[in-house]
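Comments concern the structure below.
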Amino acid sequence: MLKCTEVVQRADALVDGTPLSFAERLALRSHLMLCRHCRRYVRQLKALTEHLREHTLVEPLDDETVNAILAHRDNAN
Ligand SMILES: [Zn+2]
110 MLKCTEVVQR ADALVDGTPL SFAERLALRS HLMLCRHCRR YVRQLKALTE
160 HLREHTLVEP LDDETVNAIL AHRDNAN
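Residues 110 to 186 (the numbering used here) make up the sequence shown, in order.
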């Protein structure tokens, strides 16, 4: 049986879809079935992760886009 701290350490992987071994997944699942504290933690972490994913800004501009913008600006001057 995993300890709560071990579940918390692996919770990221559980939430963000990182592949876990069958044994790890089973150990996490059985702990979560028995421990409502960890269930709540994982649920909240999941909600937070989804919230951040939805509200995170678009990715930084790539070099090509930056160069195009700079070229456009230089032409305008
Ligand atoms: Zn626990």
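We treat Cβ as the ideally placed atom computed from N, Cα and C, and that holds for glycine.
With a beta-carbon spacing of about 39 Å, Val151 and Val175 fall beyond the 8 Å limit used to define contacts.
Secondary structure remark: continuous alpha helix (DSSP H) runs of at least 4 residues inside the stretch 120 to 178, in chain order: 131 to 143, 145 to 164. With a contact defined as Cβ atoms closer than 8 Å, His146 and Leu111 miss out at about 13 Å.
Residue list for ligand 1: Cys113, Val116, His140, Cys144, His146, Cys147 (CB closer than 7 Å to any heavy atom, chain order).
With fewer than 16 other Cβ atoms inside 10 Å of its own Cβ, Arg138 counts as exposed. Taking a 10 Å sphere around the C-beta of Ala120, we find 16 or more other C-beta atoms and assign the residue as buried.
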